[in-house]
Amino acid sequence: MGRDIAPMTFSGADRRMYRDKVRRSLDVFARMLGEHAFEVGPAQVGQEIELNLVDSDGAPSMRNADVLDAIADPAWATEVGQFNLEINVPPQQLDGDAIADLELQIRGSLNAGDARAHSTGSRLVMIGILPTLRQQDVHLGTMSANARYRVLNEQIFAARGEDMRIAIDGAEQLLTHADSITPEAACTSVQLHAQVSPDAFASYWNAAQAIAAVQVAIAANSPFLFGRQLWHETRITLFEQATDTRPDELKQQGVRPRVWFGERWITSVFDLFEENLRYFPALLPICEEEDPLAVLDRGGSPQLAEMSLHNGTIYRWNRPVYAVADGKPHLRVENRVLPAGPSVADIMANAAFYYGLVRALAEAERPIWTQMSFATAEENLHTAARHGMGANLYWPGLGEAPTDELVLRRLLPLARDGLHRWGVHPVHADRLLGIIEQRCLTGQTGAAWQIGMVEALSEKGADRAESLRLMTQRYIEHMHTNEPVHTWPTSL
Numbered sequence: 035m036g037r038d039i040a041p042m043t044f045s046g047a048d049r050r051m052y053r054d055k056v057r058r059s060l061d062v063f064a065r066m067l068g069e070h071a072f073e074v075g076p077a078q079v080g081q082e083i084e085l086n087l088v089d090s091d092g093a094p095s096m097r098n099a100d101v102l103d104a105i106a107d108p109a110w111a112t113e114v115g116q117f118n119l120e121i122n123v124p125p126q127q128l129d130g131d132a133i134a135d136l137e138l139q140i141r142g143s144l145n146a147g148d149a150r151a152h153s154t155g156s157r158l159v160m161i162g163i164l165p166t167l168r169q170q171d172v173h174l175g176t177m178s179a180n181a182r183y184r185v186l187n188e189q190i191f192a193a194r195g196e197d198m199r200i201a202i203d204g205a206e207q208l209l210t211h212a213d214s215i216t217p218e219a220a221c222t223s224v225q226l227h228a229q230v231s232p233d234a235f236a237s238y239w240n241a242a243q244a245i246a247a248v249q250v251a252i253a254a255n256s257p258f259l260f261g262r263q264l265w266h267e268t269r270i271t272l273f274e275q276a277t278d279t280r281p282d283e284l285k286q287q288g289v290r291p292r293v294w295f296g297e298r299w300i301t302s303v304f305d306l307f308e309e310n311l312r313y314f315p316a317l318l319p320i321c322e323e324e325d326p327l328a329v330l331d332r333g334g335s336p337q338l339a340e341m342s343l344h345n346g347t348i349y350r351w352n353r354p355v356y357a358v359a360d361g362k363p364h365l366r367v368e369n370r371v372l373p374a375g376p377s378v379a380d381i382m383a384n385a386a387f388y389y390g391l392v393r394a395l396a397e398a399e400r401p402i403w404t405q406m407s408f409a410t411a412e413e414n415l416h417t418a419a420r421h422g423m424g425a426n427l428y429w430p431g432l433g434e435a436p437t438d439e440l441v442l443r444r445l446l447p448l449a450r451d452g453l454h455r456w457g458v459h460p461v462h463a464d465r466l467l468g469i470i471e472q473r474c475l476t477g478q479t480g481a482a483w484q485i486g487m488v489e490a491l492s493e494k495g496a497d498r499a500e501s502l503r504l505m506t507q508r509y510i511e512h513m514h515t516n517e518p519v520h521t522w523p524t525s526l
């Protein structure tokens with residue numbers, strides 16, 4: 035959904051034409067798979083990091099347009115809320131010292147961006163949900179100016195026909211309603227991309243689904259929303275609810291949600307794009323002039339713009355991506371479960387754990403997805419989001435196991451083996467996976483640190499709003515040291 039569009043309305047004819055174009059694109063896609071028309075190597079990885087903007091008091095700063103003007107870098111872009119930004123990290127290979135170089139590159143870009151943001155009275159924060167965000171901060175008036183967000187908002191509410199209900203039962207409870215998708219702007223994430231061959235795609239996607247819960251449990255960083263302490267990774271349930279096009283009646287009929295874990299292991303990437311067409315009506319039925327079959331017959335690489343746009347409005351936690359780069363089509367798995375932050379070191383540790391583990395499991399002799407049900411993988415995800423590092427997760431051979439035990443005993447060795455297969459230098463693999471190990475040993479995720487700090491501030495007499503504000507300011511200070519969160523002090 036990264037493309038810009040102009041304000042528009044859609045007719046029934048637009049929708050019929052779009053559906054037909056997506057079907058034709060899917061036919062062309064199937065032919066390309068059969069003809070082995072895709073780039074297969076060397077594999078590259080990439081990242082997108084979403085951020086929040088705050089003012090000097092730690093409150094949301096609705097200045098993303100001004101900050102973008104100050105940064106003046108095409109790698110930076112808006113997100114849904116005026117207090118959001120996103121940075122796109124160029125794709126690269128993962129071997130040798132590349133992961134260390136990538137960490138330095140990201141730190142340099144964020145430091146430069148933060149310095150420019152200072153000129154507008156703002157600061158950048160990498161955090162799953164900004165703790166100081168209030169419900170009155172998310173409404174149509176705080177949506178980014180880009181027209182695609184307003185059109186998307188109109189189409190979601192036209193499909194839904196009523197206000198959005200957000201109900202979260204955690205350590206505390208939240209029940210509210212929204213008349214726009216802007217509560218979704220509260221959710222800021224890190225998206226990890228991995229280019230894979232068509233033949234390997236199903237194995238990588240299945241593996242990514244199987245480990246999504248573990249990723250969330252060890253990286254949880256979103257415990258507060260609108261002043262309430264909810265789930266350790268509240269972002270998961272908030273995102274599922276804030277973009278839901280279904281009123282209750284359609285939920286009861288079994289209509290699939292737009293934010294979707296899925297319902298089965300797959301055998302081909304085609305399964306996912308075919309499900310998109312079969313289950314989901316178009317939100318943005320915009321047709322391009324390209325005839326994909328004619329382009330393919332001429333020996334070219336069609337953009338398949340309609341298929342890709344439709345795919346971009348279906349928010350799978352692991353999403354397939356079709357793209358054309360330098361005239362050659364390729365496929366990527368886009369991993370979307372991780373929150374932003376706390377530090378760049380933590381982000382890179384989370385990335386190393388994911389890239390290593392997903393490769394080891396995708397290439398294992400006995401696939402993990404033949405040993406656990408798809409429904410169990412989905413249940414694991416929501417258990418992890420609710421409890422963070424305190425979650426007990428099902429894993430074949432262990433049964434229900436504490437997250438820290440599962441990671442330390444079973445998954446870290448697999449991740450280290452996977453990074454070896456990528457060609458990552460052992461020094462970098464050991465350092466980054468060591469951060470994950472220490473996080474498990476201490477039990478201190480970003481969420482745990484936030485909760486502990488707010489409790490400490492509350493015991494000193496600060497009310498909830500002041501505790502969240504002071505905690506956010508401390509968070510920003512620690513974030514800029516680039517020390518991993520397991521080392522952050524919780525004493526005042």
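So for the sequence shown, my numbering puts the first residue at 35; every next one is plus one. Ideal Cβ positions, reconstructed from N, Cα and C, are used throughout, including at glycine.
Just measuring C-alpha positions, the residue of E489, A449, R280, V230 sitting nearest G468 is A449. Beta-bridge annotation (DSSP): H211 is paired with R199.
Beta-bridge analysis with DSSP links A228 to V79, V367. Judged by their CB atoms, R150 and A104 are nearer to each other than the 8 Å cut-off. Secondary-structure assignment with DSSP links T112 through a beta bridge to L119. By the Cβ neighbour-count rule, E493 is exposed, with fewer than 16 other Cβ atoms within 10 Å of its own. In this structure K55 is buried. Its beta-carbon is surrounded by 16 or more other beta-carbon atoms within 10 angstroms. The Cβ-Cβ distance between F307 and F63 falls below 8 Å. By the criterion of a C-beta distance shorter than 6 Å, Q405 is surrounded in its chain by P430, once the five residues flanking it on both sides are discounted.
When DSSP states are grouped into helix, strand and coil, F72 belongs to the coil group. Between T222 and N118, the C-beta gap is smaller than 8 Å, which places the two residues in contact. One Cα belongs to T417, the other to A409, and the distance between them is close to 12 Å. Straight through space, the alpha carbons of L327 and P319 are spaced by roughly 20 Å. Contact between R353 and R370 holds: CB atoms are separated by about 6 Å, below the 8 Å threshold. A distance below 8 Å between beta-carbons, with the five flanking residues on each side excluded, links A99 to the following residues of its chain, in chain order: T112, Q116, S178, A179. Following the DSSP letters along the chain, one finds V392 in no beta strand (DSSP E) but inside the alpha helix (DSSP H) bounded by residues 378-396. F258 carries a strand assignment under DSSP once its states are collapsed to helix, strand and coil. A contact between stretches requires three or more CB pairs, one per stretch, nearer than 8 Å, and the region 168-177 fails this requirement with the region 122-135.
For N426, the enclosing beta strand (DSSP E) begins and ends at 426-429. Bounds of any beta strand (DSSP E) do not take in N516, whose DSSP letter is neither H nor E.
Its chain contains R350 as the residues whose beta carbon lies nearer than 6 Å to that of W294, once the 5 sequence neighbours on both sides are disregarded; these appear in chain order. With contacts defined as CB atoms closer than 8 Å, T277 and I190 qualify as a contacting pair. Where V488 is concerned, the enclosing alpha helix (DSSP H) starts and stops at 480-493. For V159, the enclosing beta strand (DSSP E) starts and ends at 157-159.
Taking all protein chains in view, the Cβ of H364 is crowded by 16 or more other Cβ atoms within 10 Å, so the residue is classified as buried. With fewer than 16 other Cβ atoms from the protein chains shown falling within 10 Å of its own Cβ, H70 counts as exposed. For N145, the uninterrupted alpha helix (DSSP H) run begins and ends at 132-152, by DSSP.
For A385, the CB contacts under 6 Å within the same chain, skipping 5 residues up- and downstream, are L226 in chain order. If you draw a straight line from the Cα of E267 to the Cα of A481, it comes to about 7 Å.
Distance from the CA atom of T301 to the CA atom of A106, rounded to whole angstroms, is 43 Å. Straight-line spacing of the CA atoms in A219 and R332 works out to 42 Å. E84 is positioned such that its CB atom lies closer than 8 Å to that of A374. Note that the C-beta distance between V367 and W239 is below 8 Å.
When the Cα atoms are used, Q337 and A181 turn out to be separated by approximately 22 Å. With contacts defined as CB atoms closer than 8 Å, A77 and Q243 fail to qualify as a contacting pair. Setting aside the 5 residues that flank it on each side, I202 is surrounded in the same chain by L208, L264, T271, each with a C-beta closer than 6 Å to its C-beta; the list follows chain order.
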